[in-house]
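Heads up: the protein sequence lines correspond to chains A and B, in order. For the first sequence, my numbering begins at 1 and goes up steadily by one. For the second sequence, my numbering begins at 1001 and goes up steadily by one. Quick reminder that beta carbons are idealized off the backbone N, C-alpha and C, glycines included. Everything numeric in this text was worked out from a predicted model, so none of it was measured. For reference, the structure is listed below as structure tokens.
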Amino acid sequence: MSTNNGTSKGMNIHVRRFIAYAVLGILSFLCLIWFYILFINATRSNSELGRGFTILPGGYLLTNWNNLIHGTLPIMSGMLNSIIIAGLSAGLCVYFSCMTAYAIHAYNFKGKKAIFTFILMIMMIPTQVTVLGFISFMGKLGLMDSFVPLIVPSIAAPVVFFYMKQYMDSNLPLSLLEAARIDGSGEFSTFNRIVIPLMKPAIAVEAIFTFVSSWNNYFTPALIISSDNKKTLPILIAQLRSADWLKFDMGQVYVMIAFSIFPVIVVYLVLSKYIVGGVTAGGVKE
Amino acid sequence: MSDKKYKHQTGSKVVSYNKWGVIFLIPFMVVWLIFQFIPLVTTIYNSFFENYRSGLSQIGPNFIGLQNYVTIITNGDLINYSKNTMIMWIIGFIPQIFFSLLLAAWFTDPSLRLKGQRFFKTVIYLPNLIMASAFSMLFFTLFADSGPINSILVNMGVISQPFKFMSNVTAVRCLVGFMNFIMWFGNTTILLMAGMMGIDQSLFEAAEVDGATATEVFWKITLPILRPILIYVLITSLIGGLQMFDVPQILTNGTGDPTRTSMTLIMYLNKHLYSKNFGMGGALSVFLFIITGVLSLIVFRISYAGEVK
């Protein structure tokens, strides 16, 4: 009885592998089943939905879709508003986060350490705790019911800043910037013409994350926006929920939910390699 | 690089490049001041005033000192809604950390050699990107009294009558916790994996030579080394939990029903903001600011303080 290898004491490797696959299978099922049911139900008519769930899709997807866009919810303008707000937020956020990170990365000035420490300290404080002052101050500035309070604040994004700073630490040698200076390039044009192109991989990852979080944001837009034609998709979803939904055509409800979720899923599946790789980079490196 | 010919700078001229560092910081600082700092000060300022609408008449603003803070504690609201928030956070967090640790350990275990890792990682991360309000609306329709889940359960003979999920305290809380679990365990798994892959492989090899089982390796080597990253996950998740809003708000249409047992702190804040009770809303915000501020400082100390050179 002098065996000293792990397999004899612990579980057999095949058993462990089987358990791992079983658990992974169940968890994957729990992640995906909801979207499958959503897809099936979006293709069925209201009366079919009333008769219970089926495994196979129905043929009412286009009918439901037509009913939805000709209905009372301003869904197409909602989509457009969401794209405009999320797109501009993402663009401004990555550009200015690069700029802030570059200021800390490439220059030496008084108070630099203090500012860096400060940005990292405010990183985790959620926007919800200042939202009361935010809406009252936006009211004073005459910016209620406008896209500005939903787009411009993304310029000051500590988490994105930190990601960019870390990326610069390993990918942007200062000697390159010295070389640009010797060639006579101005500081601002060095940033735009040399730094930004080198940051492309980091910019792509963070642009996706910022776009998605702005696209999904419900709390702040619901407090700022009041006119129908300015509403974003999450506000319309909430409106659907607070409507007397039993009177609704359930087929339309499911198409509406699918319409808000599936664009993100498609983009994600195309870019998943970069997205999953980018998750860890903002966190700690132990 | 540009092929244009630029005039070279003369060596004797001392150019202060470093002022550009300050210039590049201006956009961040200005935006932060206007959209974060002034709002924070305004929030704190508002918390010291009586300021709300009663019917059609506006009460205040009158300075009342700390009265709003006293009210919010003594009327039990703060404690109640903190309790709801924490219960729903814990219901989601326990399975989240359990399965994340398990999956991360399996994915990084070289002896297991799991196939299809890319696929599984892609699938478990997917729910994190889904619009929480739409996901919650989906759950509301799926778990409605006449929804597909009830129809499936009745057809399978599990229950004879549709179960009223939305009128049951435990069911609503568990649904919220479950949605949070599904939306976040993939993210946590990937974070923990990064931590586990950073562990020196020779430690595992040494343990194997000494005859340790996979379970022993996990408890005696992996977990202790992962401690800082686990604390990071715990606290960031707690900060996220305190912000819980979209899922319970949409699921219960903002009521926190049944009988406000699923009303979270931010839902309560949202109620005050809609009814324009800025005094009470302010006091609540300051509480949340202090709690998240302390938690943030802990995260900063364990994770980021070393970044500032």
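Same chain, Cβ closer than 8 Å to residue i, five either side skipped, listed in chain order
i, result
"LEU61 (chain A)", "ALA42, THR43, VAL255"
"LYS1121 (chain B)", "PHE1107, GLY1186, THR1189, ILE1190"
Own chain residues within Cβ distance below 6 Å of residue i, not counting five before or after
i, result
"ASN1046 (chain B)", "PHE1278, GLY1282"
"LEU92 (chain A)", "SER154, ILE155"
"MET199 (chain A)", "CYS98"
"LEU223 (chain A)", "ILE135"
"ILE19 (chain A)", "none"
"SER2 (chain A)", "Confidence at SER2 (chain A) is low in this model, with a pLDDT of 38, below 50, so the placement of that residue is unreliable and no value is reported for it."
"TYR1069 (chain B)", "ALA1283"
Contacts around residue i, its chain only, beta-carbon distance under 7 Å, and the 5 residues preceding and following it disregarded
i, result
"LYS1013 (chain B)", "Because the pLDDT at LYS1013 (chain B) is just 38, under 50, the model does not fix this residue reliably, and the value given afterwards should be weighed accordingly. For LYS1013 (chain B), where only same-chain residues beyond five positions count, there are no Cβ hits under 7 Å."
"VAL1299 (chain B)", "TYR1232, ILE1235, THR1236"
"TYR1268 (chain B)", "ASP1077, TYR1081, LEU1284"
"SER1133 (chain B)", "ASP1246, ILE1250"
"LYS165 (chain A)", "ALA101, ILE104, HIS105"
"THR1292 (chain B)", "ILE1239, LEU1242"
Helix, strand or coil at residue i according to DSSP, with G and I counted as helix
i, result
"ASN216 (chain A)", "helix"
"ARG181 (chain A)", "helix"
"ILE1059 (chain B)", "strand"
"ARG1053 (chain B)", "strand"
"ASP1200 (chain B)", "coil"
"LEU1265 (chain B)", "helix"
"MET144 (chain A)", "coil"
"GLY71 (chain A)", "coil"
"GLN1249 (chain B)", "helix"
"ARG51 (chain A)", "coil"
"LYS1083 (chain B)", "helix"
"GLY1211 (chain B)", "coil"
"ARG1113 (chain B)", "coil"
"TYR163 (chain A)", "helix"
"TYR107 (chain A)", "coil"
"ALA1047 (chain B)", "The sequence as given places Ser at residue 1047 (chain B); Ala does not occur at that position. Reduced to three states, the DSSP call for SER1047 (chain B) is coil."
"SER1303 (chain B)", "helix"
"LYS231 (chain A)", "coil"
"LYS1276 (chain B)", "coil"
Partner residues on chain E for residue i, Cβ-Cβ distance less than 9 Å
i, result
"LEU1102 (chain B)", "The structure shown contains no chain E; its protein chains are A and B."
Contact list for residue i against chain B, beta-carbon separation under 9 Å
i, result
"SER272 (chain A)", "ARG1118, LYS1121, THR1122, TYR1125, LEU1126"
"ARG44 (chain A)", "Correct list: empty, because the minimum Cβ distance to chain B is about 10 Å."
Under 7 Å by beta carbon: chain A residues contacting residue i
i, result
"GLU1307 (chain B)", "LEU120"
"GLN1036 (chain B)", "THR130, ALA156"
"VAL1031 (chain B)", "VAL152, PRO153, ILE155, ALA156"
"ALA1206 (chain B)", "Result: empty, since nearest Cβ-Cβ is about 12 Å, beyond 7 Å."
"MET1137 (chain B)", "ILE237, LEU240, ARG241, ILE257"
"GLY1293 (chain B)", "ILE125"
Any non-hydrogen atom of the ligand ATP within 6 Å of residue i CB
i, result
"VAL1172 (chain B)", "Among the components modelled here there is no ligand, and therefore nothing to report on the ligand ATP."
Assumed close pair residue i, residue j - CB separation to whole angstroms, cut-off 8 Å
i, j, result
"ILE85 (chain A)", "THR232 (chain A)", "6 Å"
"PRO1027 (chain B)", "PHE96 (chain A)", "5 Å"
"MET1179 (chain B)", "PHE1140 (chain B)", "In fact, because the Cβ distance is near 11 Å, the residues do not count as touching under 8 Å."
"GLN239 (chain A)", "LEU73 (chain A)", "7 Å"
Interface residues of chain B facing residue i [CB-CB closer than 7 Å]
i, result
"THR303 (chain A)", "No information on residue 303 (chain A) is available, as it lies outside the stretch 1 to 286 that chain A covers here."
"MET99 (chain A)", "PHE1024, PRO1027"
"GLY52 (chain A)", "SER1151, ASN1155"
Chain A residues whose Cβ lies nearer than 9 Å to that of residue i
i, result
"ASP1077 (chain B)", "What ASP1077 (chain B) touches in chain A: nothing, since even the nearest Cβ is about 16 Å away."
"GLN1067 (chain B)", "Those do not exist, as GLN1067 (chain B) stays about 17 Å from chain A at its closest Cβ, beyond 9 Å."
"ALA1171 (chain B)", "Ordered by position in chain A, no residue passes the 9 Å Cβ test against ALA1171 (chain B), which lies about 17 Å from the chain."
Closer than 8 Å at the beta carbon, the chain A residues around residue i
i, result
"ILE1097 (chain B)", "None at all; the shortest Cβ gap to chain A is about 14 Å."
Partner residues on chain B for residue i, Cβ-Cβ distance less than 8 Å
i, result
"LEU198 (chain A)", "Near LEU198 (chain A) there are no residues of chain B at all, since even the closest Cβ is about 11 Å away, more than 8 Å."
_Across the region 1102 to 1117 of chain B and the region 1202 to 1222 of chain B, are there enough close Cβ pairs to call them in contact, namely three or more that are closer than 8 Å?_
Yes, since at least three Cβ pairs between the region 1102 to 1117 of chain B and the region 1202 to 1222 of chain B fall closer than 8 Å, the two stretches touch.
*Touching by the beta-carbon criterion (3+ pairs, under 8 Å), the region 1116 to 1134 of chain B and the region 1173 to 1183 of chain B*: Below 8 Å, enough C-beta pairs join the region 1116 to 1134 of chain B and the region 1173 to 1183 of chain B to call them touching: three or more.
*Below 8 Å, can you find three or more Cβ-Cβ pairs linking the region 1241 to 1255 of chain B to the region 1166 to 1179 of chain B?*
Yes, the region 1241 to 1255 of chain B touches the region 1166 to 1179 of chain B.
*State whether the region 1017 to 1031 of chain B contacts the region 107 to 118 of chain A, with contact taken as three or more CB pairs (one from each stretch) at a distance under 8 Å.*
They touch, by the three-pair rule.
*Given 8 Å as the limit, is there contact between the region 250 to 265 of chain A and the region 172 to 192 of chain A, that is, 3 or more CB pairs closer than that?*
By the Cβ criterion, the region 250 to 265 of chain A is not in contact with the region 172 to 192 of chain A, since fewer than three pairs of Cβ atoms, one from each stretch, lie closer than 8 Å.
*asked:* Using 8 Å as the cut-off, can you tell me whether the region 166 to 176 of chain A makes contact with the region 44 to 52 of chain A, which would need three or more C-beta pairs spanning the two stretches below that distance?
replied: They do not touch, by the three-pair rule.
*Check whether the region 122 to 129 of chain A touches the region 1050 to 1070 of chain B, taking contact to mean three or more Cβ pairs, one atom from each stretch, closer than 8 Å.*
Here the region 122 to 129 of chain A does not lie against the region 1050 to 1070 of chain B, with fewer than 3 beta-carbon pairs under 8 Å apart.
*Check whether the region 267 to 277 of chain A touches the region 203 to 221 of chain A, taking contact to mean three or more Cβ pairs, one atom from each stretch, closer than 8 Å.*
Cβ pair count under 8 Å is three or more, so yes.
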